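Q:
Residue numbers (full-length UniProt numbering): 1 to 384.
1. What is the rounded straight-line gap between the Cα of residue 295 and the Cα of residue 360?
2. Can you tell me whether residue 123 is buried or exposed? The criterion is at least 16 other CB atoms within 10 Å of its CB, across all chains shown.
3. Can you tell me whether residue 187 is helix, strand or coil according to DSSP?
4. Once the 5 residues before and after residue 162 are set aside, which same chain residues still bring their CB inside 8 Å of it?
5. Please list, in chain order, all residues of the same chain as residue 187 whose beta carbon is under 6 Å from its beta carbon, the five residues on each side excluded.
6. What residues in its chain sit with their C-beta under 6 Å from that of residue 281, if we drop five residues either side in the sequence?
7. Alpha carbon to alpha carbon, what distance is there between residue 133 and residue 110?
8. Where are the beta strand (DSSP E) runs, 3 residues long or more, that stay fully inside the region 245-311, in chain order?
9. On the three-state DSSP scale, how would you describe residue 21?
10. Indicate the three-state DSSP secondary structure (helix, strand or coil) for residue 342 in the structure shown.
11. Could you tell me the distance, in whole angstroms, from the CA atom of residue 181 to the CA atom of residue 157?
12. Which word fits residue 277, buried or exposed, when buried means at least 16 other C-beta atoms lie within 10 angstroms of its C-beta?
13. Jot down the residue ranges of each uninterrupted beta strand (DSSP E) in the region 152-178, minimum 3 residues, whole runs only, in chain order.
14. Could you pull the DSSP bridge partners for residue 141 from this structure?
15. If you draw a straight line from the alpha carbon of residue 198 to that of residue 333, how long is it in whole angstroms?
16. Can you pull the DSSP bridge partners for residue 54?
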């Protein structure tokens, strides 16, 4: 009877930890690992659990083993944060006793309640790196939004104060200050509109008008409209269109804006004499059409690559083109965040490949329409 109860509870514990997204271990009093879930096996670099495997052999971490022993001896839940600065690892370790009815206060057999078979211990390892990253993103967002709002508001206030004096002393200069105030207010209006759009995209509430679009036409439209800006900054703009007649289901306005943003950024960070290439490529097995914008610009550091799609994140301005003039001015750092949300809302994905001083390639995919008919690869170019 007792043996059957123990087996039932071990089955229950197994079901419990398999449902956990964290690395989880079920231990007995001797710290032998009784059960382990898939995330824990992956953490330990194992395919399966061997018999009579102990916690210290699996993890080889004295701090975790000591914490588990404290829980066994005290019978109370133990928690500890473990950090490894060199490997950039932060774990939250929790060890808690698991007692079934046979070991509760209701039991009349105290000796059996304290026996080895009646008490197990749940050890979980939570990777705090993602939580810390999200906390950092939140802090950066609050700091950046405060800065982005404060700067134009301060400028508009100072311009208004100056305008009051100018109206009395030099009224002919008043329109000049009014134009500057209008510019600051337009920037604020644009910032609020972008924040609202990003919020709607993240919530899945942004209105979208999906239609059948030819990949090549999207590229050529962006090419034609961005060519004057590229010429102004003496950057060659090329196309590399492969199987461009493939059709995708997308919102034309939103996807065109994504391409505009990517090309605009490429021009900004590509020195005069450089090259930017817009292209497509069919990923037949994934039923996806790939779009890319490749430049020979300044490239990015590894830490920039990991953060480039965050809200308000801005790359090192010292490496951008001096006196760059383009649509949207300097920007608030929302363009790539919006681009990611737009692409993901279409069922695609976006990424960047970059090497410092060698250039960057932004790549995104969109699902293709099943009855699209590919044609021969073509390569066209336009520059100067």
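Quick reminder that beta carbons are idealized off the backbone N, C-alpha and C, glycines included.
For clarity, every value in this text was computed on a predicted model and none was experimentally measured.
A: For this structure:
1. Taking the first residue of the chain shown as 1, we reach residue 295 at position 295. Taking the first residue of the chain shown as 1, we reach residue 360 at position 360. Going from the Cα of residue 295 to the Cα of residue 360 covers about 6 Å.
2. Within the chain shown, residue 123 is the residue found at index 123, counting from 1. The residue in question, residue 123, is buried, as its Cβ has 16 or more Cβ neighbours within 10 Å.
3. Position 187 of the chain shown, counting from 1, holds the residue named residue 187. DSSP places residue 187 within a helical segment (H, G or I) once states are collapsed to three.
4. Position 162 of the chain shown holds residue 162. Result list for residue 162: 177, in chain order.
5. If you number the chain shown from 1, residue 187 lands on position 187. If the five residues before and after residue 187 are omitted, its C-beta is found closer than 6 Å to the C-beta atoms of 152, all from its own chain and listed in chain order.
6. Sequence index remark: in the chain shown, residue 281 carries index 281 (1-based). 242 and 290, listed in sequence order.
7. On the chain shown, residue 110 is found 110 positions in, with the first residue counted as 1. On the chain shown, residue 133 is found 133 positions in, with the first residue counted as 1. Confidence in residue 110 is poor, its pLDDT being 42 and thus under 50, which makes the residue's placement too unreliable to answer from.
8. Entirely contained in the region 245-311, the beta strand (DSSP E) runs reaching 3 residues are, in chain order, 247-251, 275-283 and 288-295.
9. In the chain shown, residue 21 corresponds to position 21, counting from 1. Under the three-state reduction of DSSP output, residue 21 falls in the coil class, being neither helix nor strand.
10. Translated into positions along the chain shown, residue 342 becomes position 342. It is helical.
11. In the chain shown, residue 181 corresponds to position 181, counting from 1. In the chain shown, residue 157 corresponds to position 157, counting from 1. Their Cα atoms are separated by approximately 8 Å.
12. For the purposes of this step, residue 277 is taken as residue 277 along the chain shown, with counting starting at 1. Buried.
13. If only complete runs of 3 or more residues are kept, the region 152-178 shows no beta strand (DSSP E) anywhere.
14. Here residue 141 is taken as the residue at index 141 of the chain shown, counted from 1. DSSP, once it has assigned bridges, lists no residue as partnering residue 141.
15. Walking along the chain shown from the start, residue 198 turns up at place 198. Walking along the chain shown from the start, residue 333 turns up at place 333. About 12 Å.
16. Along the chain shown, read from residue 1 onward, the residue named residue 54 stands at position 54. DSSP links residue 54 through a beta bridge to 32.
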